[in-house]
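A quick write-up on the structure given underneath.
There are 2 protein chains.
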Amino acid sequence: MATIKDIAQLAGVSLATVSRVLNNTGKVSPALRAQVLAAVETLNYQPNAPARSLRRRETRLIGVLIPQLNHPFFGTLAYSIERFLFAEGFRILVCSAEEDAEREAEYTQLLVRQRVDGAIVAPTGLDLKWSAHFAHANIPIVLIDRNLPEVVASRVMVDNWQGGYQGALHLIELGHRHIGIISASRHSQAMQDRLQGALQALHDHDVAYEVYQPSAETLQQYDLGFHAALSLLAHQPTLSALFALTDVTAIGAMHAAVSQGLSIPEQLSILGFDGIELGAYLIPALTTIAQPIEQLGCKAAEILLKSIGRTQTTQEHLILPTQLLKRASTSAPMRKE
Amino acid sequence: MATIKDIAQLAGVSLATVSRVLNNTGKVSPALRAQVLAAVETLNYQPNAPARSLRRRETRLIGVLIPQLNHPFFGTLAYSIERFLFAEGFRILVCSAEEDAEREAEYTQLLVRQRVDGAIVAPTGLDLKWSAHFAHANIPIVLIDRNLPEVVASRVMVDNWQGGYQGALHLIELGHRHIGIISASRHSQAMQDRLQGALQALHDHDVAYEVYQPSAETLQQYDLGFHAALSLLAHQPTLSALFALTDVTAIGAMHAAVSQGLSIPEQLSILGFDGIELGAYLIPALTTIAQPIEQLGCKAAEILLKSIGRTQTTQEHLILPTQLLKRASTSAPMRKE
DNA sequence: AGCCTATCTGAAAACGTTTACAAAAGCTCT
DNA sequence: AGAGCTTTTGTAAACGTTTTCAGATAGGCT
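Line by line, the protein sequences are chains L and W.
Convert by adding 71 to the 1-based position in the first sequence; the result is the number in my numbering.
Convert by adding 71 to the 1-based position in the second sequence; the result is the number in my numbering.
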């Protein structure tokens with residue numbers, strides 16, 4: 072691989088001059104500039120990023136730490152971040168913590184060692200070790216999706232409470248009077264907020280409900296939705312709608328309903344939460360409370376970029392609204408006679 | 072951030088000694104080792120990866136260049152690669168080319184500049200510029216999923232022809248005697264292989280068929296499946312099964328069939344190809360010819376790692392078999408009277 | 001010609017590691 | 001005590017950039 076030295080030699084100039092034309096910094100005469108450029112061309116020179124990072128003390132690398140890369144929500148998130156940052160000349164290092172605090176901390180150290188210029192992290196929330204690593208290395212971070220009050224950092228979140236309210240309201244307005252709610256996790260703040268929002272709407276309109284809370288954290292979301300729906304439907308035959316606090320959970324619930332011979336939405340309405348793309352592919356397509364995933368990623372990246380370089384920045388807290396995506400899995404309840 | 076120098080100072084030893092204990096290389100007395108380790112601990116030292124890369128002339132970074140990160144197939148692929156390489160102490164730099172040759176080439180240069188130790192690439196196939204960049208920089212690559220005969224490199228592929236044959240055979244054995252095939256792209260070698268395999272099976276068993284080939288490349292796979300199914304069903308009312316050469320295309324076809332009031336699989340069987348996870352979530356769950364996605368990623372990573380460091384390696388060509396995932400979207404044709 | 005400025009160029013020092021080499025220190029033996 | 005080892009340690013030179021600083025060159029004046 073050609074280095075700046077080779078170029079200097081071939082062009083008959085000094086290292087400094089080469090560096091200057093490569094970076095468009097300082098003054099260099101048109102003649103020399105042309106020679107250098109020619110040499111760059113013939114040698115097919117590509118600057119050595121590690122060397123440059125070492126000297127410049129910046130890597131133009133951003134760490135993206137998410138709980139699961141293969142989950143459609145986080146996949147889309149990573150994708151939107153990648154797109155935004157690419158345009159700004161940054162690359163991303165994706166790390167999938169697998170919902171495991173150990174792995175999360177390990178990955179964080181890796182990012183620190185890599186000297187990323189910043190990081191966007193959707194924490195597992197199980198542990199805060201990782202944040203100390205970033206803090207100690209003085210690496211700016213932006214929290215995304217999952218709120219952790221203890222961590223001081225900018226954050227961009229979704230208004231989960233409002234989403235929960237909105238979702239429940241949708242079902243109420245359709246005419247449902249007995250609604251099942253399937254929560255996806257007992258410990259996640261986001262889930263609690265969604266649940267509280269939904270409950271508020273139900274109270275406000277004086278509608279009956281049942282809540283299913285998972286006992287253990289270990290279950291996969293799909294299975295959880297499946298079992299939750301089965302259990303709710305068995306014990307509460309008058310339920311006419313299910314509000315699953317996660318799309319994947321909602322899909323599990325859909326399968327459970329079908330397995331019981333119920334038709335959706337005629338006999339049972341099902342509402343999800345997240346707005347992942349695959350929901351649109353289902354039959355019937357899933358009505359859902361959509362998070363602005365793309366925007367979440369872009370805003371986080373934008374805020375992060377602003378805080379890189381600054382020594383002291385104020386923390387921004389951005390809360391984005393959810394949106395009801397009315398598709399085919401919800402409708403007015405069937406009249407029972 | 073603490074450097075090796077700070078450690079040396081605090082521990083009262085030389086830089087070389089610190090480096091030696093950090094890397095477990097060379098001999099160092101237990102006493103000094105302990106002092107160094109203590110200093111590392113108190114200073115919370117994290118090695119500077121760029122500096123290390125510069126000196127060692129290796130980055131432990133692997134580029135992963137895929138056409139679309141948000142496509143479930145490639146998302147899963149990236150994920151499986153990430154997992155495998157993490158265990159081996161490598162990180163990945165994911166790049167999503169967006170099915171755009173320009174972007175692909177641009178990303179390649181980026182990876183070269185980053186001095187990745189190797190790359191796994193699923194080429195868009197539109198152009199070969201990228202491969203020249205890697206070759207010139209002497210960076211080993213492994214081709215995955217899409218075969219490009221012109222590129223000299225190891226590759227791990229799926230036996231698309233056999234998958235096509237297997238899929239058609241499945242439908243034939245169910246009793247279908249008039250089968251529609253929806254190809255997803257006219258130019259992709261993989262699609263052609265799948266198509267040829269399917270046609271062979273149809274000829275071998277003397278079964279009638281219709282093929283739909285997209286005219287332009289621009290359509291999204293889902294829309295393509297939708298329109299293809301609509302067109303086939305309109306012109307060929309005796310079709311009892313559709314074989315879509317891509318899962319997402321199959322999903323489009325499913326929606327089209329439902330929109331025509333057909334029930335799946337009773338009135339129309341639908342078979343996909345890829346084995347993406349979301350197929351299992353559909354109702355009815357999609358029967359498909361599954362690619363061993365996880366294995367594809369792991370094997371590619373494994374082969375790549377073997378060739379890093381070696382100056383001259385033989386090229387490996389690995390061809391993995393597909394597998395029929397019998398789910399709910401195919402069945403024997405309904406008897407018509 | 002001589003001086004002053006403005007412009008351009010190059011030598012050399014950094015950035016944080018690893019490593020070849022040499023120096024030092026500890027042995028064992030005569 | 002010193003020779004001849006082996007083991008442990010330190011010094012200094014790389015790796016490929018960027019950047020400071022001083023030096024060179026050229027032009028415009030008197």
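Note that the Cβ used here is the ideal one computed from N, Cα and C, for glycine as well.
Here the structure is a predicted model, which means the values were calculated and not measured.
Rounded C-alpha distance that separates L/E408 from L/V282:
Here residue 408 of chain L is taken as the residue at index 337 of the first sequence, counted from 1. Here residue 282 of chain L is taken as the residue at index 211 of the first sequence, counted from 1. Annotation note: pLDDT 42 at L/E408 (below 50); position unreliable, coordinate value reported separately. Going from the Cα of L/E408 to the Cα of L/V282 covers about 26 Å.
Which bits of chain L does W/N95 rub up against, with CB to CB less than 7 Å?
As a working mapping, residue 95 of chain W is identified with position 24 in the second sequence. Within chain L, no residue comes near W/N95; the closest Cβ sits about 17 Å away, beyond 7 Å.
Can you check DSSP and say which residues form a bridge with L/R128?
On the first sequence, residue 128 of chain L is found 57 positions in, with the first residue counted as 1. Answer is none; L/R128 lacks a bridge partner.
For L/M405, name the three-state secondary structure that DSSP assigns.
Counting from one through the first sequence, the residue named residue 405 of chain L turns up at place 334. Residue state, collapsed to three classes: coil.
Using the three-state DSSP reduction, which class does L/G487 fall into: helix, strand or coil?
Since the displayed chain L opens at 72 and closes at 408, residue 487 of chain L lies outside it and no answer follows.
With a cut-off of 8 Å, do at least 3 Cβ pairs link the segment 162-177 of chain L to the segment 339-355 of chain L?
no
For the beta strand (DSSP E) that W/E281 lies in, which residues bound it at each end?
To locate residue 281 of chain W, count along the second sequence from 1; it is residue 210. 279-283 is the extent of the beta strand (DSSP E) around W/E281.
When DSSP builds the beta bridges, which residues end up paired with L/R91?
Along the first sequence, one-based indexing puts residue 91 of chain L at 20. Its beta-bridge partners do not exist; DSSP assigns none.
Closest Cβ-Cβ distance between L/T195 and chain W: below 9 Å?
The residue you call residue 195 of chain L lines up with position 124 of the first sequence. So no, L/T195 is outside the interface.
What does the Cβ neighbour count give for L/A328, buried or exposed, with the cut at 16 atoms within 10 Å?
Within the first sequence, residue 328 of chain L is the residue found at index 257, counting from 1. Label assigned to L/A328: buried.
Identity of the residue in W/L242, W/F145, W/G332 nearest L/I354 by Cα
As a working note, residue 354 of chain L is residue 283 in the first sequence. With distances taken between Cα atoms, L/I354 lies closest to W/G332.
Which residue comes first and which comes last in the alpha helix (DSSP H) that contains L/I210?
Start at 1 with the first residue of the first sequence, and residue 210 of chain L comes out as number 139. Run containing L/I210: none; DSSP gives neither H nor E here.
Going by DSSP, what residue range makes up the alpha helix (DSSP H) through W/V107?
Sequence index remark: in the second sequence, residue 107 of chain W carries index 36 (1-based). Where W/V107 is concerned, the enclosing alpha helix (DSSP H) stretches over 101-114.
Can you give the Cα-Cα distance for L/T401 and L/G323, rounded to whole angstroms?
Your numbering for residue 401 of chain L matches position 330 in the first sequence. Your numbering for residue 323 of chain L matches position 252 in the first sequence. Cα to Cα, L/T401 sits roughly 16 Å from L/G323.
Thinking C-beta only, is L/G251 closer than 9 Å to L/L301?
Residue numbering aside, residue 301 of chain L sits at position 230 when the first sequence is read from its first letter. Residue numbering aside, residue 251 of chain L sits at position 180 when the first sequence is read from its first letter. Not in contact: L/L301 and L/G251 (Cβ atoms no closer than 9 Å).
For W/G189 and W/T384, the rounded distance between their alpha carbons:
The residue you call residue 384 of chain W lines up with position 313 of the second sequence. The residue you call residue 189 of chain W lines up with position 118 of the second sequence. Straight-line Cα distance between these residues: approximately 13 Å.
Whole-angstrom Cβ separation of W/L313 and W/I253, contact assumed at under 8 Å?
The sequence position of residue 313 of chain W within the second sequence is 242, counting from 1. The sequence position of residue 253 of chain W within the second sequence is 182, counting from 1. That pair is a contact at about 6 Å.
Compute the distance between the beta-carbons of W/L164 and W/L132, then report whether it is under 9 Å.
Reading the second sequence from its first residue, position 93 is the one you call residue 164 of chain W. Reading the second sequence from its first residue, position 61 is the one you call residue 132 of chain W. Between W/L164 and W/L132, the CB-CB gap stays under 9 Å.
With a cut-off of 8 Å on the beta carbons, I'd call L/V213 and L/A203 a contact; round off their distance for me.
Working through the first sequence from its first residue, we reach residue 213 of chain L at position 142. Working through the first sequence from its first residue, we reach residue 203 of chain L at position 132. So it is not a contact: roughly 17 Å between Cβ atoms.
Are the CB atoms of W/L376 and W/F157 nearer to each other than 9 Å?
In the second sequence, counting from the first residue as 1, residue 376 of chain W sits at position 305. In the second sequence, counting from the first residue as 1, residue 157 of chain W sits at position 86. No, the Cβ-Cβ distance between W/L376 and W/F157 is not below 9 Å.
Taking Cβ positions only, does L/E408 come closer than 9 Å to chain W?
For the purposes of this step, residue 408 of chain L is taken as the residue at position 337 of the first sequence. Residue confidence for L/E408 is low, a pLDDT of 42 falling below 50, so the modelled location carries little weight and cannot support an answer.
Under 8 Å by Cβ, that's how I've got W/P211 and W/I379 pegged, so tell me the actual separation to the nearest angstrom.
What you label residue 211 of chain W is simply residue 140 of the second sequence in a count that begins at 1. What you label residue 379 of chain W is simply residue 308 of the second sequence in a count that begins at 1. Going by Cβ atoms, the distance from W/P211 to W/I379 rounds to 6 Å, so yes, they are a contact pair.
Mind checking which residues open and close the alpha helix (DSSP H) that includes W/M325?
Your numbering for residue 325 of chain W matches position 254 in the second sequence. Start and end: 318-330.
Beta carbons nearer than 9 Å to chain L: which residues of the segment 227-258 of chain W have them?
none
Helix, strand or coil: how does DSSP classify W/F314 here?
Residue 314 of chain W sits at position 243 when you count from the first residue of the second sequence. W/F314: strand per DSSP, three-state reduction.
Cβ shell of L/A403 (< 6 Å), same chain only, five flanking positions each side left out:
Stepping through the first sequence from its first residue, residue 403 of chain L is reached at position 332. Excluding positions up to five away in sequence, the list reads L245, G246.
Please list, in chain order, the chain L residues whose beta carbon lies closer than 8 Å to that of W/L140.
What you label residue 140 of chain W is simply residue 69 of the second sequence in a count that begins at 1. Per Cβ cutoff of 8 Å: G146, A149, Y150, E153.
Per-residue DSSP class, three states only, for L/V183
The count along the first sequence starts at 1 and reaches residue 183 of chain L at position 112. Residue state, collapsed to three classes: helix.
Look at the alpha carbon of L/I215 and the alpha carbon of L/A372, and state the distance between them as a whole number of angstroms.
In the first sequence, the residue the question calls residue 215 of chain L occupies position 144. In the first sequence, the residue the question calls residue 372 of chain L occupies position 301. Cα-Cα distance, rounded: 10 Å.
Looking only at its own chain, which residues have a Cβ that is under 8 Å from the Cβ of W/V84, when we skip the five neighbours before and after it?
Walking along the second sequence from the start, residue 84 of chain W turns up at place 13. Excluding residues within five positions, the ones whose Cβ falls inside 8 Å are L103, Q106, V107.
Are the CB atoms of L/T195 and L/D171 nearer to each other than 9 Å?
Counting from 1 along the first sequence, the entry for residue 195 of chain L is found at position 124. Counting from 1 along the first sequence, the entry for residue 171 of chain L is found at position 100. Going by C-beta atoms, L/T195 is nearer than 9 Å to L/D171.
At the 9 Å Cβ level, is L/V329 part of the contact set with chain W, yes or no?
Residue 329 of chain L sits at position 258 when you count from the first residue of the first sequence. Closer than 9 Å to the CB of L/V329 there is at least one CB belonging to chain W.
Could you tell me the boundaries of the alpha helix (DSSP H) in which W/S286 lies?
By one-based count along the second sequence, residue 286 of chain W stands at place 215. Segment: none, W/S286 is in no alpha helix (DSSP H) and carries neither H nor E.
Cβ neighbours of L/L295 in the same chain (closer than 8 Å, five flanking residues each side left out):
By 1-based counting over the first sequence, the position of residue 295 of chain L is 224. For L/L295, where only same-chain residues beyond five positions count, the Cβ hits under 8 Å are I253, A255, P285, T320, G323.
Per-residue burial, W/D318 [other beta carbons within 10 Å of its own, 16 or more giving buried]
Translated into positions along the second sequence, residue 318 of chain W becomes position 247. Around the C-beta of W/D318, 16 or more other C-beta atoms lie within 10 Å, and the residue is accordingly described as buried.
Alpha-carbon to alpha-carbon, W/A87 and W/Q394
Numbered from its first residue, the second sequence carries residue 394 of chain W at position 323. Numbered from its first residue, the second sequence carries residue 87 of chain W at position 16. Their Cα atoms are separated by approximately 55 Å.
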